[in-house]
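Structure first, commentary second.
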Amino acid sequence: MTGYVLGRLLAAVPVLLAVAVFVFLLLSLAPGDPAVLIAGDFASPQQVEAVRQALGLNLPMLPRFLTWVGRMLSGDFGLSLFSRIPVSQLVAQRIEPTLILSLMTITIAVFVAVPLGLVAAYRPKGFVARLTMAGAVLGFSVPVFVVAFVLVYTLALGLHWFPVQGYRPLSQGVLGSFHSLVLPAISLSFLYIALIARVTRAAVLEVLREDYVRTAHAKGLAGRKIISRYVLSNAAVPIITVVGIGFAALLGGVVVTETVFSIPGLGRLTADSILRRDYPVVQALILLFAGVYVVVNLAVDILYAVVDPRIRY
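If you're matching positions, the sequence shown starts at 0 in numbering that gives the first Met the number 0 and goes up one per residue.
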């Protein structure tokens, strides 16, 4: 297992390098000049050129790329072109709300979707199964921002149970921090509940058709024991895959939700940095998201072997 993990980590190096090259080329060839934005609307051409020289934007593409990669390998992601704050510090300030929001979302989704998927598989023609399938279609169809506005209108503005917008940092209290993220987490979880419930139902249905499950039923084993001992463990691999990929996608894909609820996380930082053409921040964030995908995929592969002893690396 150790050799497999080391091999996967080494294999991630060319992937991250390819992502770095692609992002650098994409941003360098994109229209627009960050020096113009930084200098301001009323800046003269000389002032814009001075900003461009100060930021090193007038250098050829290859030296800029090599300089950036060299600094990045030493842990220096440069300064934000807009705020002049180190990029690593800027990302560290914004990662807390996004990480908590992602964990809350995936936790809500798993605790709601897995039981629903199980019941839907055991009673495929029952009320819960029909409700789950209808809810899954709704979860895939309704955009996140629509769910967010409905929740804000009913639970925040109507009943005053939750704040309308904003985020309370963990340093001001754990409960307060979680309370400020309940509505965004519920909004985001709708899609993942739909996805995980459908995958759970399909995986459990497949396991229920296996001979060893029929044998367990024939021997009179209790339904709960069959579920915990045979069904869940054998149906866990696709569920873990969806949960892992969903968590990685959440870390980099919460732009809309963070914007609607005014949460200062990585999603809003990404959107703001793209609009400002703050290249060092965008490059660092995309590399971070790519690294998260690599680590999460590796963790998912390791979990396969934990839940299913037949899988060996």
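The beta carbon of each residue, even a glycine, is placed where N, CA and C say it ideally should be.
Here P162 carries a coil assignment [DSSP, helix/strand/coil]. Between Y191 and T104, the C-beta spacing is below 9 Å.
In this structure, R275 lies near L36, with their beta-carbon atoms less than 9 Å apart. For P44, the enclosing alpha helix (DSSP H) starts and ends at 44-54. F81 places its beta carbon 9 Å or farther from that of Q282. Between A108 and G243, the C-beta gap is not smaller than 9 Å, which leaves the two residues out of contact. When the alpha-carbon of A193 is set against those of L284, A29, V111, the nearest one is in V111. For D300, the enclosing alpha helix (DSSP H) covers residues 278-306.
Judged by beta-carbon spacing, V230 lies beyond the 9 Å limit of S186, meaning their Cβ atoms are not closer than that value.
Y121: member of the alpha helix (DSSP H) spanning 86-121, first to last residue. A direct Cα-Cα distance of roughly 20 Å separates I301 from F288.
Check the Cα spacing between V143 and each of A19, T258, L265, P263: the tightest is with T258. Burial is judged here by how many other beta carbons sit within 10 angstroms of a residue's own beta carbon; A10 has fewer than 16 and is exposed.
In the three-state reduction of the DSSP assignment, L58 falls in the coil class.
Setting aside the 5 residues that flank it on each side, A120 is surrounded in the same chain by R200, V203, L204, L207, each with a C-beta closer than 7 Å to its C-beta; the list follows chain order. For G77, there is no enclosing alpha helix (DSSP H), as DSSP gives it neither H nor E. Your pair P279 and L78 checks out as a contact, with CB atoms roughly 7 Å apart and the cut at 8 Å.
The shortest C-alpha to C-alpha distance from A38 to any of A29, L28, A53, P30 is the one to A53. Take the alpha-carbon of F177 and the one of V294: they are about 25 Å apart. A Cβ-Cβ contact shorter than 9 Å links A34 with V47. 9 Å or more divides the Cβ of V113 from the Cβ of V127. With distances taken between CA atoms, Q92 lies nearest to S170 out of L15, A29, S170, L182.
Around the CB of S188, 16 or more other CB atoms lie within 10 Å, so the residue is classed as buried.
Secondary structure of E257 (DSSP, three-state): helix.
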